[in-house]
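Chains as they are written, first to last, in our numbering: chain A, 1 to 445; chain B, 1 to 389; chain C, 1 to 195; chain D, 1 to 330; chain E, 1 to 190; chain F, 1 to 140; chain G, 1 to 190. Cβ coordinates follow ideal geometry from the N, Cα and C atoms, glycine included.
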Amino acid sequence: MGLLTFSRGGVHPPENKISAGKKIEPAGLPEQVVIPVTQHLGAPSKVLVNKGDEVMTGQLIAEAEGFVSTNIHSSVTGKVLKVDKFPDASGYKKMAVQIQVEEDQWEAGIDTSDDLLTNIDGTAEEIRNKILGGGIVGLGGATFPSHVKLMTPKGKKAEYLLINGVECEPYLTADHALMMEKSARLVVGIRILMKGLGVEKAIIGIENNKPDAIEVMTNATASEDGIQVQGLKVKYPQGGEKQLVQALLNREVPSGGLPIDVGVVVFNVGTAYASYLAVQKNRPLIERVVTVTGKSVANPSNFLTRIGTPASFLIEKAGGLPDDTAKVINGGPMMGKAVAKIDIPIVKGSSGILLLRENEALRNPVQPCIRCTKCVGVCPMGLEPYLLMTQAEKGMWEPLERDHVMDCIECGSCSYTCPSSRPLLDYIRLGKAEVGKIMRSRKAV
Amino acid sequence: MSQIIIYTIITLVVIGAVAAIILYFVAQRFKVYEDPRIDLVEEALPAANCGGCGYAGCRNFAEALVKSETFDDLHCPVGGNEAMATVAEILGREAVEQDPLVAVVRCNGQPQYRPRNNIYDGAVSCAVAHSLYTGEGDCPHGCLGCGDCVAVCDFDAIHMNPETGLPEVVDDKCTACGACVKACPRDIIELRKKNKKDRKIFVSCINEEKGGVAKQYCSVACIGCSKCFKVCPFDAITMNNNLAFIDSVKCKLCRKCVPECPTDSILEINFPPPRNKEEEKEKAGVEDAGKTGEKVGATAAVKSGEKADRKTGTEAAVKSRANAEGQTAVNAEGNTGTQVEGKTEANAEKQPGTKTAEKIEEKKQNNADDTKGTKSGENGDANEKTQKD
Amino acid sequence: MNQWKNFSKGLLKENAVFVMFLGLCPTLGVTTSAVNGLGMGLATTFVLVMSNLVVALIKNQIPDKVRIPAFIVIIATFVTVVEMVMKAYVPALFDALGLFIPLIVVNCVVLGRAEAFASKNNVVSSIIDGLGMGIGFALALTALGAVREVLGSGSIFGLSFLKGDGMLLFVLPPGAFIALGYLIVLANKLKAKTT
Amino acid sequence: MNKLIVSPSPHAHTAESVPKLMYGVMISLLPAFAVSVWFFGIGMLIVTTVSVVSCVLFEYLIQKHILKVPPTHLDGSAVLTGLLLAFCLPANIPFWMVMIGALAAIGIGKMTFGGLGNNIFNPALVGRVFLFISFPVAMTSYPVPGQWLRYTDATTGATPLGIFKEGLGEQTAGELMQQVPGYTDLFIGNMGGSAGEIATVALLIGLLYMLYRKIITWHIPVTILGTVALFTGILWLVNPEQNADPLFHLLTGGLMLGAIYMATDYVTSPMTRKGMVIYGVLIGILTVIIRVFGAYPEGVQFAILIMNAFVPLLNKYFKPKRFGKEVQHG
Amino acid sequence: MAKKESNFVSMVATLSVVALVAAALLGGVYEATKEPIRLADLRKRNEAIEAVVPAFDTVPSDQIVKYGMDGDTLILYPALKNGIVVGTAVETFTNNGFSGEFKLMVGFDNEGAIVDIAVLSHKETPGLGDKMERDKSDFHVQFMGQHPDEFNLAVTKDKGDVDAITASTISSRAYCEAVQRAYEAWKATR
Amino acid sequence: MSEQNTINHIGFVESVNGQSALVRINSQSACASCHAKGACSAADQEDKMMTVPTGGADYRTGEQVRVSIARRTGLRAVAFGYVYPFLVLMTILVILTAAGASELQAGTWSLASLAPYYLAIYLLRDRISNTFTFKLEKLF
Amino acid sequence: MEYVLIIIAAVFVSNIVLNQFLGICPFIGVSNKVDTAIGMTGAVTFVMVIATLFTYLIFQYVLIPFELEYLRTITFILVIASLVQMVEIMLKKISPPLYQALGIFLPLITTNCAVLGVAVLAVQQDFNLLGSVVFAIGNAIGFGLALITFSGIREQLDMMNVPKQMKGVPIAFIVAGLMALAFMGFTGIV
Ligand SMILES: Cc1cc2nc3c(=O)[nH]c(=O)nc-3n(C[C@H](O)[C@H](O)[C@H](O)COP(=O)(O)O)c2cc1C
Ligand SMILES: Cc1cc2nc3c(=O)[nH]c(=O)nc-3n(C[C@H](O)[C@H](O)[C@H](O)COP(=O)(O)O)c2cc1C
Ligand SMILES: Cc1cc2nc3c(=O)[nH]c(=O)nc-3n(C[C@H](O)[C@H](O)[C@H](O)COP(=O)(O)O)c2cc1C
Ligand SMILES: Cc1cc2nc3c(=O)[nH]c(=O)nc-3n(C[C@H](O)[C@H](O)[C@H](O)CO)c2cc1C
Ligand code: SF4
Ligand code: SF4
Ligand code: SF4
Ligand code: SF4
Ligand code: FES
């Protein structure tokens with residue numbers, strides 16, 4: 001098959017996959033962990049522990065409250081130091097549980113062995129409950145509670161499961177490493193998700209810059225009916241779910257809609273693996289693969305990291321903070337969040353810690369828009385970023401809504417490509433927030 | 001009479017009469033009675049069309065005024081009582097005096113009180129920065145310094161002080177239209193009663209965090225200790241969520257609370273020097289400073305016992321020495337009211353990375369000029385002015 | 001009312017062209033030279049003064065609702081008078097101003113003054129107001145005409161000071177718009193300075 | 001540790017910048033410049049220098065003293081405007097006229113609107129048309145190529161289009177074709193015309209370079225040239241006695257320069273592909289209408305300016321194709 | 001004085017009165033200016049005729065000939081001196097000017113030679129085409145005394161005998177065309 | 001999405017009667033904000049009154065509201081008010097001229113043809129009314 | 001064909017706004033929104049056409065027979081003023097919702113110099129009835145074209161950083177000037 005890709009826009013930033021090929025190593029245990037209770041999209045979970053409590057690894061410490069919410073487990077064994085508000089990656093304080101690490105004693109009932117269990121028991125319902133029980137959220141970045149995605153809304157029918165192994169963000173290699181090393185388990189995870197969804201067909205989409213992963217996954221799925229591996233053109237944001245659905249199935253998720261509107265559900269490879277652990281091994285989501293990378297980093301690595309570990313701990317592990325570091329990003333360079341401090345905790349959604357040097361980090365001075373149309377050309381959603389930015393800047397919310405600002409997937413292609421270095425996405429995001437507020441208030445009336 | 005004249009008369013009179021009939025009906029059916037007083041009232045209003053009254057424009061407000069029976073809730077902050085009195089006269093109603101208001105910026109997180117520990121490099125917009133993170137300092141309530149409030153002011157009444165990184169209101173120009181209040185994503189700006197001689201006393205902090213935490217963020221934060229609350233003889237101070245608030249209507253400007261505050265978070269502005277001998281010298285500086293118009297900075301400087309310093313950048317070292325010598329040190333030159341970058345900042349300058357900081361500063365200026373394009377002229381001017389000072 | 005103030009406001013502060021943006025069509029249309037501008041300005045001034053006078057005289061005889069049509073008739077009468085007189089005695093200027101002479105009827109300045117001023121004020125004030133406004137209008141037209149003539153033909157009031165031609169563009173339509181655009185900016189600056 | 005930098009995502013940016021783009025266009029203009037210097041010698045050099053220097057200077061002075069904003073005269077756009085203005089002036093035009101043109105281009109065309117990115121009309125073309133209307137004689141007497149050392153004193157002649165327009169009515173198209181330079185000459189640029197517009201081949205090379213560098217897309221130039229070819233082709237087929245063939249139209253006048261450099265000016269061209277195509281087609285049609293039916297022998301300059309005025313409407317009504325159809329909620 | 005009330009009768013009456021007075025005024029002015037206007041018109045025409053034909057004393061209006069040609073009308077004014085025709089002024093036109101139509105007055109002597117030419121109206125570009133006006137250049141001089149049968153009324157570019165106005169070949173060409181047309185009309189009405 | 005292509009005007013509730021409110025719309029052309037409008041005959045000075053269904057919501061006299069109509073509705077109003085009668089008039093004029101009627105007749109009849117056009121609109125007024133609906137929103 | 005040429009000439013070559021300077025006030029004042037401009041065009045077309053038609057008839061069948069041509073200005077303005085008002089009255093009486101929709105969509109157009117100007121020009125240029133009407137249509141389209149393009153430009157300029165001194169009317173004039181400059185390209189196409 002030829003190279004599939006999405007139809008509109010896209011950019012190709014330098015890939016810089018420095019840590020590609022690095023094995024996944026356990027990062028080890030830090031002295032303390034801080035586990036926020038909102039690591040997912042949706043309502044914060046309800047804390048179940050108090051200061052002074054002893055907790056075991058894998059123990060439930062906060063439970064889902066409401067439908068779109070999920071469980072949170074302790075990632076270490078130790079004593080709860082504080083249940084209080086701690087600064088998250090943005091510096092604003094959010095409720096979290098701080099635990100002094102003492103040892104690593106897993107809670108009873110969790111299978112910590114490395115045996116491959118391929119038999120999938122249980123109904124779809126049971127699978128969903130286990131996924132909720134394990135606190136699984138989407139690891140592709142949005143951290144949407146996965147059990148919710150498994151529940152197909154009335155009137156809709158899921159036909160395909162798409163597994164997102166694209167990893168189109170430059171630098172990041174966590175999904176890549178996972179596919180290389182855990183392919184068999186991943187496949188079981190996919191089967192679990194298929195069963196949970198009740199679909200017969202799954203496609204794994206992988207960008208063509210990971211030929212080894214394509215090969216490994218193809219081999220791993222060779223004997224599996226209904227699971228197919230598909231190479232994709234290297235183009236950002238190939239991994240955006242709407243783009244992926246279009247690239248693989250040539251279906252366009254409608255504006256304002258979800259993949260399920262065209263019969264598709266998308267999961268990240270990490271989510272599939274986490275589902276495997278949760279369903280087959282009863283192992284909640286308390287650790288994930290985090291890429292620590294950057295051009296000056298001594299030891300770019302893919303660490304298997306406990307949730308709540310401070311990023312500074314990982315950076316130390318990767319050879320320490322290089323002197324020329326000017327920006328630390330939680331995530332990749334296109335969608336990640338720059339942080340002001342390096343002691344922020346790793347959460348379920350953290351896919352990487354990226355250290356940029358000064359010359360890479362600084363934005364160029366903003367110049368006037370020269371209407372070069374480049375941003376229009378690269379927008380995968382067919383929007384007009386230059387216009388949206390100006391409208392957002394001038395507070396023209398109605399035109400913004402009319403011009404479909406809500407369709408923006410915040411991929412950043414526009415800001416990336418603008419020769420005038422205009423802060424397009426900065427303002428578009430502002431516009432989205434404002435328009436979203438207006439739309440919600442309208443609905444409420 | 002010649003024929004032509006007769007024809008002329010016939011034609012014109014016929015056409016005139018027909019036109020009259022048509023226009024008569026037009027007038028009958030069409031004329032919407034427009035209260036002539038609306039025009040008069042509109043004329044009395046300042047035509048700023050700023051929306052400060054809550055209506056879309058001055059004309060809309062004029063209509064509302066004419067239509068409503070009383071002046072409750074109807075006030076033009078820009079024209080103030082004067083305009084409202086004129087309006088009242090036109091409409092033959094009782095004018096309702098409303099205290100003139102003025103905007104104050106309730107954050108005094110200058111760099112030396114609230115160290116900047118990172119560099120913001122995004123769009124020059126407080127709203128953007130606010131939605132991204134806590135800002136260059138730690139305080140999640142503190143001023144972000146991108147000047148959204150400056151950009152929206154139609155009256156050129158609020159400027160960024162490049163030394164303090166905080167906006168300053170020019171009391172004479174401020175019309176209390178409230179645009180800046182709405183623009184500030186952190187709700188730092190408050191409209192409060194304008195007292196005589198532009199004097200004001202207010203808690204320059206909105207941090208509701210507990211004392212210890214607040215103090216961590218910023219050394220001049222209100223820590224909610226209630227000392228001012230207790231000392232106020234007029235019940236003008238209320239405590240809420242660890243934060244003191246001075247009601248500008250009740251406050252009689254007795255200044256008892258000011259010295260009470262352990263963190264110096266209560267600002268007094270535009271006051272004559274106190275009687276206290278020791279402080280006299282110090283306050284002298286302030287008065288001068290008041291005259292130069294840079295009131296907030298100056299007073300703030302005095303307030304905290306630190307000195308305003310004329311030769312800003314170059315004397316950073318002197319400044320930090322002064323700090324080291326303790327809070328009583330007075331710099332006689334401190335009459336410009338501008339403030340040197342604080343101690344921390346001075347220290348920071350010795351560290352690598354300053355270059356980046358400088359670059360960014362420079363760039364921010366440019367960016368601000370660009371993205372706030374419409375205002376860029378004034379901004380430029382304002383900056384120039386400050387620098388000249 | 002202070003009659004000087006009444007007169008002078010039309011010159012700059014409430015100048016019909018530069019400040020109120022009224023009567024723009026003749027302003028642009030006839031100002032290919034300073035003389036034409038002046039001619040048009042004076043013709044308009046005449047109509048303005050006369051109609052103000054008459055309106056002020058008979059304002060109380062006119063029922064409110066036919067005010068406007070009555071004013072139109074009055075103005076149109078004087079316009080026609082001007083038309084005929086110019087045709088008879090200054091045919092060359094009449095040809096140069098062409099369509100814009102009859103269009104004085106719809107010049108907002110004229111009707112506007114009748115409606116906004118003359119119908120509320122006494123005869124003397126009305127005449128002075130008309131004069132002020134008219135002269136302000138004439139000044140604006142002459143200024144624009146002069147600018148266009150100087151730049152476009154290298155002459156002023158027909159006196160040539162340049163060998164050859166100027167920048168033709170300024171005698172052509174685009175030049176009218178562009179010159180007026182910048183003149184308004186200048187006038188605004190001037191106004192800001194004087195107040 | 002230094003202070004960390006914090007900004008919203010994305011944290012990666014292209015290496016492209018405004019000056020780089022502008023200099024890219026200038027590089028692509030080099031071949032055409034060389035050809036022009038070859039044919040017009042010192043005149044071309046003087047006109048170009050004066051034009052570029054005045055444009056940059058006026059931009060600086062206006063920004064510094066009138067608008068009081070930070071000057072941006074070195075971002076390359078003023079240089080480019082100057083260069084392109086020079087390219088569409090006759091190489092024998094007195095230098096003071098060039099300066100007036102530069103003032104019109106930068107002052108009226110660009111700075112009045114607020115500078116780079118804000119203007120509605122192409123500044124270089126504003127400058128050129130301003131001069132064209134103001135000084136028709138100087139602007140319609142073109143030096144005959146090959147007079148290296150002569151500037152304002154160069155012998156003048158008509159452009160091929162001028163010859164054609166003039167002669168029609170009295171002579172047939174066939175006869176007139178004898179009087180204009182042959183196709184090879186037209187191709188390499190050995191003809192009368194504005195300083196930079198003659199070098200057809202070199203301009204095409206410039207186009208390829210800009211396409212390769214992804215400075216512009218093909219939409220505008222190709223649709224303009226295609227439309228002109230098609231439209232003149234039809235006219236030619238209908239009445240070969242009175243109309244020149246399409247190739248003649250493509251190779252003469254400012255069409256190449258206009259289609260490749262002037263119509264593609266970012267600031268004044270539409271924002272979407274659809275818009276660009278319509279813009280191109282209409283420029284093509286207008287060009288031919290003016291050339292064939294109008295009073296002026298050449299129409300590209302006017303066609304582009306006219307379409308500049310329509311660009312906001314094109315932007316308003318031709319939006320990019322959005323991803324996904326609307327779903328009606330509730 | 002109280003304002004008049006607006007009722008139907010008063011309104012119609014007022015307007016009618018206003019119209020009546022206006023009409024009377026206008027009629028008066030019309031009567032007064034009628035003659036001067038006629039004279040001014042006449043003068044304009046006569047000035048043009050005077051400029052292009054030998055000295056004469058009358059142009060009898062009953063001898064003016066209208067001659068239709070090419071979709072428009074040419075007017076021929078015979079100029080009489082002492083009752084004898086000394087020349088004919090022909091008001092002619094062209095539609096091929098740079099900006100469309102313009103009108104000329106061409107004077108012929110009794111042999112058909114051109115005496116002189118004046119421009120009546122035109123829309124040509126100031127500074128270029130308008131050089132054909134008499135007081136702007138000497139363009140018209142070259143036609144004086146030429147007989148169209150011998151003098152090729154075409155610009156030199158078209159192998160004619162007329163030196164075109166600089167950079168205004170189009171206007172010059174149209175000018176020639178108008179003169180030629182005048183000549184044909186003159187011939188036809190002999 | 002109804003908010004998209006609409007034209008909005010700010011107005012005041014003049015009076016409320018039952019299911020509809022009488023709203024006075026401030027003129028919104030550039031003239032409205034121009035300080036010279038008192039002196040200009042071209043100015044669009046008149047305020048417009050309109051009756052708008054309240055849709056059950058509660059409105060007070062003097063309240064500031066926003067009245068909006070769809071862009072399409074506005075254009076349709078222009079069509080009914082101006083474009084169609086223009087077409088009717090032109091058709092009659094061209095037909096009569098082509099049929100050789102004198103100018104006076106052709107002109108008079110084509111002007112007269114507007115009468116039946118307006119009559120038709122009058123007869124269809126209920127149908128037409130339904131097309132032109134406005135939406136009322138509170139401003140605050 | 002003749003009528004087509006009249007239209008082309010009126011729309012492009014001597015555009016009523018950009019070349020004839022008529023209707024500048026609405027051009028500058030009302031052209032903030034493209035939608036409004038489109039609506040205005042429809043309304044202006046109708047008004048111009050009936051005004052021209054009516055005044056043509058009055059001129060030909062009242063003023064000329066009685067030799068009252070000099071009353072042109074005064075009669076035209078009265079006729080146009082009442083006619084325009086009458087149309088609005090009718091609309092309002094006939095279908096209030098329609099009238100209201102128009103009112104909210106368009107600023108009311110009262111007489112302006114474009115309407116009178118076109119009526120006067122039409123009789124000045126000796127068109128026949130149909131020619132006059134076509135001329136009016138052409139001018140209305142020309143007005144609409146200028147207005148709509150200009151409103152588009154304005155909408156765009158609103159989003160841009162026009163220097164403060166130039167904001168509003170001055171920049172509008174500069175844009176109009178440059179549009180007129182561009183439209184000079186149409187010189188001579190008819
Ligand atoms: C309210 C809500 C409901 C959702 N429901 C579903 C669902 O039913 N099925 C599904 O596949 N995904 C569902 N999602 C998740 C989205 O498909 C998607 O994974 C998530 O928004 C993040 O995607 P992104 O990383 O591409 O932005 C839902 C998301 C939201 C916000
Ligand atoms: C611009 C953009 C790029 C994305 N890139 C990836 C990616 O490379 N890999 C990935 O797994 N998810 C990526 N996502 C997230 C997906 O849209 C989607 O949320 C995810 O695949 C759903 O799976 P999850 O619920 O398991 O996270 C991206 C989202 C956006 C908006
Ligand atoms: C703004 C402008 C106005 C022009 N006006 C005229 C004109 O009125 N009459 C004319 O013959 N040519 C005019 N031309 C020039 C023609 O375009 C053409 O160059 C000329 O008539 C032919 O040239 P020649 O006389 O130099 O051979 C004008 C050119 C421009 C640019
Ligand atoms: C492809 C391209 C074409 C350009 N063409 C022109 C041009 O024709 N005229 C001009 O003044 N500037 C041109 N520029 C430069 C720049 O866009 C111009 O100065 C802006 O219009 C000024 O706001 C061009 C720039 C690029 C990148
Ligand atoms: S961030 Fe939004 S607007 Fe920008 S390219 Fe991506 S989808 Fe388009
Ligand atoms: S990429 Fe930048 S300069 Fe180009 S159109 Fe978009 S915002 Fe403007
Ligand atoms: S400072 Fe604030 S309240 Fe005062 S005038 Fe400016 S925007 Fe209005
Ligand atoms: S808007 Fe608020 S945060 Fe921004 S500068 Fe003004 S006071 Fe500070
Ligand atoms: S519209 Fe022509 S003067 Fe106002």
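Please check if any C-beta of chain H sits within less than 7 Å of the C-beta of residue i.
i            : result
M1 (chain G) : Of the protein chains in this structure, namely A, B, C, D, E, F and G, none is chain H.
So is residue i in contact with chain F if we call contact Cβ pairs under 7 Å?
i             : result
E63 (chain B) : yes
State yes or no: is the C-beta of residue i nearer than 6 Å to some heavy atom of ligand 7?
i              : result
G178 (chain B) : yes
With 7 Å set as the bound, which would you pick, yes or no: does the beta-carbon of residue i sit closer than that to a beta-carbon of chain A?
i              : result
M166 (chain G) : no
I want to see whether chain E comes within less than 7 Å of residue i, judged by CB atoms only; does it?
i             : result
Y56 (chain G) : no
With a cut-off of 7 Å, does the C-beta of residue i fall near any C-beta of chain D?
i             : result
F98 (chain E) : yes
Residue i bridges to which residues according to DSSP?
i              : result
W106 (chain A) : A:T57
Could you check whether the Cβ of residue i sits closer than 6 Å to any heavy atom belonging to ligand 6?
i              : result
I120 (chain D) : no
Going along the stretch 135-162 of chain D in order, which residues come within less than 8 Å of chain E, judged by CB to CB distance? P136, V137, T140 and S141
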